[in-house]
Amino acid sequence: DAGITQSPRHKVTETGTPVTLRCHQTENHRYMYWYRQDPGHGLRLIHYSYGVKDTDKGEVSDGYSVSRSKTEDFLLTLESATSSQTSVYFCAISESGLAPDTQYFGPGTRLTVL
Amino acid sequence: AQSVTQLGSHVSVSEGALVLLRCNYSSSVPPYLFWYVQYPNQGLQLLLKYTTGATLVKGINGFEAEFKKSETSFHLTKPSAHMSDAAEYFCAVSDLLGGKLIFGQGTELSVKP
């Protein structure tokens, strides 16, 4: 299994509070991704990173920001959480980011916004 | 724009029966296609992927998928279902420009004893 951990694994928070999710990898892969998983929508890309301090938006980036200060860590921040951001969040990594590179997924973080 | 459609959000089969999970894609260029499996409370795991060459792709756990360009399909099959196959399955197409994945809605497979 690829060495990917996510923390926390579960979090309950209140509307309007900031939340940061962490993804940590031990594979030294260049690309890292944040997805959200919602019933009926599959997985949708929020943001991705192609190197330290290099990030870009995905399909559903509104309300989210990311940072990558080290190769191994990719942080996802909800500046002011809303109930619509209740979801399961997955981090993924890939070596080159070029098709058809395989993406490897972390175990996920279940976030509930009350 | 590329897209993926999985037909059937829930599929139920009996143990030992054929598993068939359907995936159709939309792409203006030859795509790269993937099937991932997600067991309860876990992340996604790659089952198989199609890149180029042989259109019948074999994956882990006895699954295989066939790329049919004329039908824009990449259906996943397994000859004989096991209870341990119960999971959610996702088909995905790769964004050719940057390798980003575009996922289908997912199909939950139930296996009855």
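These protein sequences, in sequence, are chains A and B.
Basically the numbering used here = 1-based index in the first sequence + 8.
Basically the numbering used here = 1-based index in the second sequence + 5.
Where is the CB? At the ideal position from N, CA and C, for every residue including glycine.
Work out the CA separation of residue j and residue i for me, nearest whole Å.
i	j	result
V121/A	H49/A	19 Å
V74/A	H18/A	19 Å
D64/A	T56/B	25 Å
G64/B	P26/A	41 Å
V98/B	A6/B	11 Å
L137/A	S33/B	No answer is possible for residue 137/A: it lies beyond the span of chain A, which begins at 9 and ends at 122.
L12/B	T112/B	8 Å
Just checking my contact of residue i with residue j at CB under 8 Å: how many whole Å lie between their CB atoms?
i	j	result
S104/A	R38/A	7 Å
H80/B	E71/B	7 Å
A86/B	V24/B	5 Å
S8/B	I107/B	7 Å
I54/A	Y72/A	5 Å
R44/A	Y97/A	5 Å
Which of the three DSSP states, helix, strand or coil, is assigned to residue i?
i	result
K83/B	strand
D64/A	strand
D46/A	strand
E76/B	helix
G7/A	For chain A, the structure presents residues 9 to 122; residue 7/A sits outside this window and is missing.
S31/B	strand
S14/B	coil
G67/B	helix
On the criterion of 16 or more Cβ atoms from any shown chain inside 10 Å, does residue i qualify as buried, or is it exposed?
i	result
G104/B	buried
P16/A	exposed
Y30/B	buried
G109/B	buried
Y37/B	buried
*asked:* Quick check on the DSSP output: what are the complete beta strand (DSSP E) runs of length 3 or more inside the stretch 73-120 of chain A, in order along the chain?
replied: 81-86 and 95-102, all fully within the stretch 73-120 of chain A.
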